[in-house]
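Visitor: Pasting in a structure now, in structure tokens, and then I'll have a few things to ask.
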Amino acid sequence: MRKPCCDKEETNKGAWTREEDQKLIDYILKHGEGCWRSLPKAAGLPRCGKSCRLRYINYLRPGLKRGNFGEDEEDLIIRLHTLLGNRWSLIAGRLPGRTDNEVKNYWNSHIRKKLIQKGIDPNKPHNYQLARREISCGSSTTAKPKFLSSKDQVSKLPDLNLDLTLSTPSTRLEESKA
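The numbers in full-length UniProt numbering rise by one with no breaks, and the one at position 90 of the sequence shown is 90.
Structure, rendered in structure tokens:
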């Protein structure tokens, strides 16, 4: 069993202060992201490593985009969700400056609700064009929507180059010997 990452009695569990944020930023700028477990003690923060990691990744990391999602971002989230489902980290990877948690929360609090209100099940692969048209501002159609097969839906989406390559350590060793 793994030992606890920090002493619970000396750990601050409240809201982060500006001073704590600055200590965390300064430490990471100087030493880089590394072992989150040992970071709090080294940076002089009364926090646990997980808290430091989440605070930095979700709120303090340079390049994070704050504020409302644009229509283009919402559009891309719907497209990617159609292809990938609830793989928020992969979806967020295609939205510069957005975290997986932020994208997931936006899906659950905005897009999902809009789809449900329009009678579209957000948990099933859906016709992207129909979903996009239905949640657009004030759009209502009187014509019956044309439903496309999953294969047709995918063929109409742009190539997003979502290929992932995984290799085992043994494969990398063999490649380095060659």
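Note that the Cβ used here is the ideal one computed from N, Cα and C, for glycine as well.
Let me know the beta strand (DSSP E) ranges lying completely inside the region 16-59, each 3 residues or longer, listed in chain order.
Guide: none
Visitor: Cα separation between Asp21 and Gly85?
Guide: Sequence index remark: in the sequence shown, residue 21 carries index 21 (1-based). Sequence index remark: in the sequence shown, residue 85 carries index 85 (1-based). Between the alpha carbons of Asp21 and Gly85 lies a distance of about 34 Å.
Visitor: Which residue's Cα is closest to the Cα of Asp100: Ile25, Tyr59 and His31?
Guide: By one-based count along the sequence shown, residue 100 stands at place 100. Checked all of Ile25, Tyr59 and His31; the closest Cα to Asp100 is Tyr59.
Visitor: With a floor of 4 residues, list each alpha helix (DSSP H) that falls wholly inside the UniProt domain "HTH myb-type" (61-115), ordered by position along the chain.
Guide: For the UniProt domain "HTH myb-type" (61-115), whole alpha helix (DSSP H) runs of length 4 or above, ordered along the chain, are 71-84, 88-92 and 100-106.
Visitor: If you check the beta carbons only, do Ile77 and Leu90 fall under 9 Å apart?
Guide: What you label residue 77 is simply residue 77 of the sequence shown in a count that begins at 1. What you label residue 90 is simply residue 90 of the sequence shown in a count that begins at 1. No, these two residues do not count as a Cβ contact at 9 Å.
Visitor: In its own chain, which residues sit with a C-beta less than 6 Å from the C-beta of Gln117, not counting the 5 before and 5 after it?
Guide: Against the sequence shown, residue 117 aligns to sequence position 117. Cβ neighbours of Gln117 beyond the five flanking positions: none.
Visitor: With contact counted as at least three CB pairs below 8 Å, one residue from each stretch, are the region 31-44 and the region 67-76 in contact?
Guide: no
Visitor: Rounded to whole angstroms, what's the CA-CA distance from Arg112 to Ser51? Just pull it up for me.
Guide: As a first step, residue 112 is located in the sequence shown; it is residue number 112 there, counting from the start. As a first step, residue 51 is located in the sequence shown; it is residue number 51 there, counting from the start. Distance between the alpha carbons of Arg112 and Ser51 is about 28 Å.
Visitor: Do Gly49 and Pro40 have their C-beta atoms closer together than 9 Å?
Guide: Stepping through the sequence shown from its first residue, residue 49 is reached at position 49. Stepping through the sequence shown from its first residue, residue 40 is reached at position 40. Yes, these two residues count as a Cβ contact at 9 Å.
Visitor: Grab me the residues of Gly97's own chain with a C-beta within less than 7 Å of its C-beta, minus the 5 sequence neighbours each way, in chain order.
Guide: By 1-based counting over the sequence shown, the position of residue 97 is 97. Counting only Cβ-Cβ distances below 7 Å, and skipping sequence neighbours, we find Gly63, Leu64 and Lys65.
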